[in-house]
Structures are given as C-alpha cells and as structure tokens.
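Residue numbers (the working numbering), protein chains in the order written: chain B, 44 to 660; chain S, 731 to 896.
Report on one structure; see the data block that follows.
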C-alpha cells in the first residue's frame, strides 16, 4: 500500500479500484452485521465459499461479507448481484442449491424469497421489498455493498472524495458555513446544530483542540451507530477528518462501547488502512493537514453518553457529568476546546461536502434536515434498521416499512428517544417525525431507538422498566437525580405489585418536576419522561393498577392470573411437563387446570402451549 | 507492595499485568483500558492486581477501586465457567426478557449479578446487545440465542449443568 500524496493520487487509486471490480460479475453479498452473525451468517458464508469452489465457479463469482443490511428480522440475509436477488433466512444447507441454481443457471429459488405480507406475492429483488422501498438511504446506503474491512471498497464507491474536496478546495470557515447552511443537527439526541458547535469550538481559545466521536450507544433498543461503525467505518472517519480540519484539531477520539467488539475491530482496521494510505496521520493527501484518531473503549456506563461524563471517562476518570457553566466546546477534554458529535452526525458530513448544502437542506422538514436512521424494534413485524427522510410519519415507519404488529394484535404505543424519551400513543401516529414534533409530544428523537408496543405491553411496567434502568445508571452525584429516580421507582414498583395508593400519581408528577428542574445533567433532567409521557397518554392504565388492582395488559405478575381455557385445551400435557411448580394437572386428552396456590406466574405454560389455551387475565 | 509480590497475591501472572500496562505505555490516563484488558485475561479484576497496578502507575488505590466499581463491565468477583448474559434492553423487555431472567434465576439458583458456589454459572444482565431483532436474547459464553422463551431458557441451563448434578 503506497501513501497517497495528492488528491490526484486518490483519484488514480479510485480508478484502479473500480477497474478491478467488474459490475457484471456475479457477487454473493452476505450480511455480517451482529444480527445476522447471531443468526448464523458465518456458517452460510463458509458454505458459499466451499460450494462455489466445489462447483468450479471460483473465478466466476465473488463472495463478499458486508455490514448490516438492516433487515435483521430476516437474517441471515444474502443478496446476489448484479441482479439484486434477495434471499432471507439462508442456512448453510440452502447454499448448494443457491450456488447450483441461482449462480449456475440464473434461476430464482422461490422458497428463499420474501413474501409480501399483504398480497402473499413472492418478491425477487431487494429493491422491491417494501421494507427497503420506502427508505431513503444515505448513511446505510453502502452497507450492503462494501466489505467494511476493505478500504478499497469504500474508495471505489466514492469514499474520501469529500475529504479531498474539503482539504484541497475549501477553507475551514467555508466548511463550517456549508454545514451550518445544510441544517444538520446532532444525531445523538439533543439535535444541536452541528455547524454552530464546530464554529464555537473553532473560535474557542486554547490548544490543542479535540474532536471526538460519540459511539457509546447506550440507549437500550438502539443499534444504528453500531451498524454504521461495523458496516462502514470509513464514512465516520472521513467525516471526523473533515470536521477536524474545519475546527483546527489534530487529535481525535472515538469513544465506543466495549460491548460492540465487531465495531471496535472494524474501526481499528479502518484506522490502520487509512493511515497506510496517508488519509489519516501526518500531511493528509499531501495537503499539509495532520490529524490522527485513537479508540477508547467505554466501560458500560450509560451516563458516559453525556458529553461531560464521556470526556471525564476519556481522561481515565469515573464518568461523572459536570455542570455546564462552561461548555465543552470551550473547555472539554483535559480542559481544552472539544467538539463531540455522534457517529451518525459524522457520517453525514462527507455527503454534505460532496453533494452540497442545498441538496441536504432539501431533505426533511423546515427544522430537521436530512435523513435519520431508526432502529425499529419490539412488537413489530419487520424489525431492523430503517433510514428515512425526517418528516415521514410514525404510521409510515411502523406500518408501511415495519409491516405492522405481529400476531394480529393492536398497536398501543411507540417509545422513542431511549430512557430519556417517551411513549407516543396511537392517536398521534400521523405525527411527522422530526426533532421538534417529537419534543412537543413529550418524547424526543434521541439516538433513534423506536420500540413498538402492543396491547400486551403494560405502560406502568414500561415506566418502571426505564426508571429501574436509570436508577442503576444514575451516577449518584446530584441528589435530585439519585433520590428522585429512586423514589419514583419505589412508587412504580408499588403500583406493579398491587400496592398502589391514591396519591401516587400526583406524587409521581411532583417528582417528575423535581427531576426536570434540578438535575445536573441530561440523564436526570429527562429521567421523568418515561413516567410523564405514559401518564399523559395512558393514565387509565395507572388508575386500573391502583383502583381495580388490575394490569389491563396482563403483564404485572402480582395483578394477573393464569388459567386454561377448557374449550381450547386438548389435554396434550405439554404444559404439565414444563411447569416448574408441578402446578398443572388434568387427565390426558381432557382440559387441564392450573392450581392457583402453586402458580408462580412464570409464563412457561403460555410459551409452551401451541393451542393458545393459556389465558392471562 | 513491591514487584516481587507472589502471583497468588496478585490473582494473576505478574508478567501479564506488566504486559498489559506496557501495551498502554504505562499511561495512567489509559487506566480504564488497562482494567478492561486485565479483566479479559482472567474474567474479573483480582484485588491484588488492582493494588499492583495502582502502585505501578502511581494512582491512589481508592481511585482504581472507584473506577472498577463505577463501570458496569468490571467485576471484582471471580466468575463462573459459564457466563450467561440476559439482554434486558427495551426491545427484549417488551418481548418478555423479564420472564426469561426469572426462569434462569430459578434454574441456576442464583440472582442476576451472582455466581453459584460451584463456580458453574455467572448470571448477568446487560442493557442492550444491539441484536434487538432476535429478542429476547440470551448470550452464553459468547454464543447468541435468540427468540428465547421460558421453556427454551430452562432447557439451556439443563444442558450446561454438569452431568452429576442432573
């Protein structure tokens, strides 16, 4: 690998990379994101390599492992190029047939295709799958095409051209101006205008200046940053280098969760490759600008996603936030001016530089520009990562892209913004998704987690869940957060245990105000959102827990009873064998009965019964 | 405590600790990374090793201890042969992770965060593994098990239990 010493060198390398790729040559791309890895894509990849060799197609077909394609529900996902044939749930035993029939003879294998849930029609091409059709992919666009461990793949698809343009033809102030005009807002949660942040950091006094990428994706239920770092690490890196040039920084950090080993590995490889080509390090592309990046692995503390806590952690300290009398763009890491942006924010930058601010500002709504990646999870048919232009409605995301709620159940709410966000009810599904609308609804954009809940999700339990999470993750430094969360949680646990009292709702609201008004950092200030938003839209569920001692969704153990529907039970005895308490009895082929004094409401019978005979009330 | 301290007291090989520290150039600001690497070696942070590192890097033991207890990923207790992680992220939670955890606690006889007396199992919860499409997810010794049910979780533990205990 030779160092590139000019933008022309980069273009020559790009031409070489492109020449080595024949767009007509068949290529099997196997999604190797974490979802598909867990689903067994590695075995499928090995099977493809062996089988292609065995059937003598080694010169005619390429196999490429790529980052996350996003449709994790259907993993392992395989796409066959150049046609773009989409196969789902591909197991090693399917591979010989795919190689022989699809690659060998060009025939499509029906049973591996995606079936349209409404029309029942088989869909052959990835581009026609409704899940992908309605998305607008920018950040995730290349994930399905490039091998994240191969910098040449990224360069072949136009990678680092934004960097070359920025360093070669633009002044730092000009770049900041472009980012400001584009309307890009921080993708990590708060939505602060990125260009303004850069400008403040550039103008702040003090040297050195630091540029940091926040990849401590702590929101449970959100994994878009992970997929970006795993699937296209160079896009993040390119954005960081451009930002560093604009800000006047020569040292950068990526603070990444240690629970994401593949992201750490792919990022480390990306740094090495970029350094080897002279795209990172001293005198980048021979244009006189120097910048390098180090990786810091997080220690599994949610609060470290908060800017001041993250910087303390980078310094090797306990990740406690500090009051923001002075902003971190002025005095951040080691008390020096520091600019912190989220993974997705950085990944947007090369696109804006390449295509211009006007193009970016043309996507989205008045106050929220561009696209956003959401992780659509929970009780939804098409679980996965979706990237949509801001301003699309929740209904489009959940029903058109997500395919609605499984099992014919009824939609109840969607939770956005992680533990700092809130739950949005069905009546607001036609709301447009952007920073400001979500905030108005009592939730927030957050990093993009979207957890769908159905009628079997108890909203009091959801509030309890988040408060329990936040109690564990509160650093305990300030009293309002430490005590406010713990006391709120006590009340919620009381409600879930059927010991609610009449003043509890008012008390929760009062504690919520205390948290919002007096906590030191964002964790505490937003900690009441899960409680207040569920109270706002689902107050009747809280009241049912207190007044009727009932959990309408059938979740809170103390308030539910398991029983067997005699009409549906055929006496197969499967539940009898599984019940850990020996609490189910009945004659063979006759309806069974649960002994209530023995039942611990573990739900094993419910999981076991294939006939829907176990009832929860 | 000097460099001659016996390995028994350190809880791990002195050379391993030195190797980890030199990988991070004895940089005291890299202490979190050093602790992470030490834990990767023996699956927990032995007290002796923490004291040794504190002295070598000239950091107060109290600070090393506060780091080791602040960050959730660190364990001060030795962990069992089988490390079971139950994802309790929101997506897994709404799909019933709570019931999976209950089952695992019942089957292993330990609570989340504990290790059994025979050192067979350590049961831990994790905030989110980012494999939400597979939820509820349980990870055993690094291997992912998706779409878990209480019954599947119970079978998983039975399979892991040593034969004589069955």
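Beta carbons: idealized from backbone N, C-alpha and C, even for Gly.
Assign residue 621 of chain B to buried or exposed, taking buried as 16 or more other Cβ atoms, counted over all protein chains shown, within 10 Å of its Cβ. Translated into the one-based positions of the first chain, residue 621 of chain B becomes position 578. That one is buried.
For residue 798 of chain S versus residue 833 of chain S, is the C-beta spacing smaller than 8 Å? Counting from 1 along the second chain, the entry for residue 798 of chain S is found at position 68. Counting from 1 along the second chain, the entry for residue 833 of chain S is found at position 103. Contact flag unset, no.
Between residue 558 of chain B and residue 549 of chain B, which are expected to be in contact by the criterion C-beta below 8 Å, what is the C-beta distance as a whole number of angstroms? Looking up residue 558 of chain B in the first chain gives position 515. Looking up residue 549 of chain B in the first chain gives position 506. Contact flag wrong, Cβ pair sits at about 15 Å.
Is it true that the region 444 to 456 of chain B meets the region 487 to 497 of chain B, where meeting means three or more beta-carbon pairs spaced less than 8 Å apart? yes
Considering Cα atoms alone, identify which of B:181, B:368, B:308 and B:504 is closest to residue 563 of chain B. Position 520 of the first chain, counting from 1, holds the residue named residue 563 of chain B. It is B:368 whose Cα lies nearest to the Cα of residue 563 of chain B.
Please say whether residue 501 of chain B and residue 584 of chain B have beta carbons closer to each other than 8 Å? Position 541 of the first chain holds residue 584 of chain B. Position 458 of the first chain holds residue 501 of chain B. Closer than 8 Å, so yes.
Taking Cβ-Cβ distances shorter than 8 Å, what residues in chain S pair up with residue 301 of chain B? On the first chain, position 258 is the one that residue 301 of chain B refers to. Chain S residues near residue 301 of chain B: 766 and 803.
In or out: residue 641 of chain B buried (at least 16 other Cβ within 10 Å) or exposed? For the purposes of this step, residue 641 of chain B is taken as residue 598 along the first chain, with counting starting at 1. Exposed, because fewer than 16 other Cβ atoms sit within 10 Å of the Cβ of residue 641 of chain B.
Which residues bound the alpha helix (DSSP H) around residue 547 of chain B? For the purposes of this step, residue 547 of chain B is taken as residue 504 along the first chain, with counting starting at 1. Looking at the DSSP string, the run of the alpha helix (DSSP H) that includes residue 547 of chain B is 547 to 561.
If we count Cβ pairs, one from each stretch, closer than 8 Å, do we get three or more for the region 474 to 486 of chain B versus the region 454 to 466 of chain B? yes
Quick one: grab the DSSP three-state call for residue 805 of chain S. Taking the second chain and counting its residues from 1, the one referred to as residue 805 of chain S is at position 75. Residue 805 of chain S: coil per DSSP, three-state reduction.
Best match in B:237, B:45 and B:286 for proximity to residue 214 of chain B [C-alpha to C-alpha]: On the first chain, position 171 is the one that residue 214 of chain B refers to. Cα-wise, what sits closest to residue 214 of chain B is B:286.
Min CB distance residue 162 of chain B to chain S below 8 Å: Sequence index remark: in the first chain, residue 162 of chain B carries index 119 (1-based). For residue 162 of chain B, the answer is no, since every Cβ of chain S falls outside 8 Å of its Cβ.
Quick check: what's the CA-CA separation for residue 650 of chain B versus residue 68 of chain B? Against the first chain, residue 650 of chain B aligns to sequence position 607. Against the first chain, residue 68 of chain B aligns to sequence position 25. Looking at the two C-alpha atoms, the distance is approximately 47 Å.
So, is residue 892 of chain S buried or exposed, given that buried needs 16 or more other C-beta atoms within 10 angstroms? One-based indexing of the second chain puts residue 892 of chain S at position 162. When all chains shown are included, residue 892 of chain S counts as exposed.
Select from B:391, B:342 and B:363 the residue whose C-alpha is nearest the C-alpha of residue 280 of chain B. Translated into the one-based positions of the first chain, residue 280 of chain B becomes position 237. The option with the nearest alpha carbon to residue 280 of chain B is B:391.
So which residues on chain B does residue 879 of chain S lean against when the C-beta distance must stay under 7 Å? On the second chain, residue 879 of chain S is found 149 positions in, with the first residue counted as 1. Neighbours of residue 879 of chain S on chain B, chain order: 650.
In terms of residue numbering, what span does the alpha helix (DSSP H) encompassing residue 364 of chain B cover? In the first chain, the residue the question calls residue 364 of chain B occupies position 321. Note, residue 364 of chain B: premise wrong, no alpha helix (DSSP H); not H, not E.
Inter-stretch contact at 8 Å, needing at least 3 Cβ pairs: the region 293 to 302 of chain B / the region 538 to 557 of chain B: no
How would you list, in chain order, the residues of chain B whose beta-carbon sits under 8 Å from the beta-carbon of residue 762 of chain S? Looking up residue 762 of chain S in the second chain gives position 32. Result: 339, 340, 342, 356 and 359.
Please say whether residue 742 of chain S and residue 772 of chain S have beta carbons closer to each other than 8 Å? For the purposes of this step, residue 772 of chain S is identified with residue 42 of the second chain, where counting begins at 1. For the purposes of this step, residue 742 of chain S is identified with residue 12 of the second chain, where counting begins at 1. For residue 772 of chain S and residue 742 of chain S, yes; Cβs fall inside 8 Å.
For the alpha helix (DSSP H) that residue 800 of chain S lies in, which residues bound it at each end? Here residue 800 of chain S corresponds to residue number 70 of the second chain, with the count starting at 1. Element bounds for residue 800 of chain S: 791 to 800.
Does residue 839 of chain S get closer than 8 Å to chain B when you measure Cβ to Cβ? The residue labelled residue 839 of chain S in the question sits at position 109 within the second chain. So, not an interface residue.
Closer than 8 Å to chain B by CB, residue 857 of chain S: Taking the second chain and counting its residues from 1, the one referred to as residue 857 of chain S is at position 127. Yes, residue 857 of chain S counts as interfacial toward chain B.
Report yes or no: do the region 608 to 616 of chain B and the region 645 to 660 of chain B share at least 3 C-beta pairs separated by less than 8 Å? yes
Let me confirm a value: residue 402 of chain B is counted as buried when at least 16 other C-beta atoms fall within 10 Å, else exposed. Which label applies? For this step, residue 402 of chain B is matched to residue 359 along the first chain. With fewer than 16 other Cβ atoms within 10 Å, it is exposed.
Can you give me the C-alpha to C-alpha distance between residue 566 of chain B and residue 363 of chain B, rounded to a whole angstrom? Start at 1 with the first residue of the first chain, and residue 566 of chain B comes out as number 523. Start at 1 with the first residue of the first chain, and residue 363 of chain B comes out as number 320. Cα to Cα, the separation comes out at about 11 Å.
Determine, using beta carbons only, whether residue 269 of chain B comes closer than 8 Å to chain S. On the first chain, residue 269 of chain B is found 226 positions in, with the first residue counted as 1. Yes, contact with chain S.
Taking C-beta to C-beta, are residue 861 of chain S and residue 81 of chain B nearer than 8 Å? The count along the second chain starts at 1 and reaches residue 861 of chain S at position 131. The count along the first chain starts at 1 and reaches residue 81 of chain B at position 38. For residue 861 of chain S and residue 81 of chain B, yes; Cβs fall inside 8 Å.
How about residue 749 of chain S: is its C-beta nearer than 8 Å to some C-beta of chain B? For the purposes of this step, residue 749 of chain S is taken as the residue at position 19 of the second chain. So no, residue 749 of chain S is outside the interface.
Since residue 174 of chain B and residue 360 of chain B are thought to touch, with beta carbons under 8 Å apart, how far apart are those beta carbons, to the nearest angstrom? One-based indexing of the first chain puts residue 174 of chain B at position 131. One-based indexing of the first chain puts residue 360 of chain B at position 317. Rounded, the Cβ-Cβ distance is 43 Å, inconsistent with contact.
I'd like to know if residue 753 of chain S contacts chain C, where contact means its C-beta is closer than 8 Å to some C-beta of that chain. Here the protein chains are B and S, and chain C is not one of them.
Buried or exposed: residue 806 of chain S, going by 16 or more other Cβ atoms within 10 Å of its Cβ? Position 76 of the second chain holds residue 806 of chain S. Exposed, by the Cβ-count rule.
Could one say the Cβ of residue 173 of chain B lies closer than 8 Å to chain S's Cβ atoms, at least one of them? Working through the first chain from its first residue, we reach residue 173 of chain B at position 130. No, its Cβ sits nowhere closer than 8 Å to a Cβ of chain S.
At a Cβ threshold of 8 Å, is residue 135 of chain B touching chain S? Residue mapping note: residue 135 of chain B aligns to position 92 of the first chain, counting from 1. Not an interface residue.
Simplified DSSP assignment, three categories, for residue 62 of chain B: For the purposes of this step, residue 62 of chain B is taken as residue 19 along the first chain, with counting starting at 1. Correct three-state label for residue 62 of chain B: helix.
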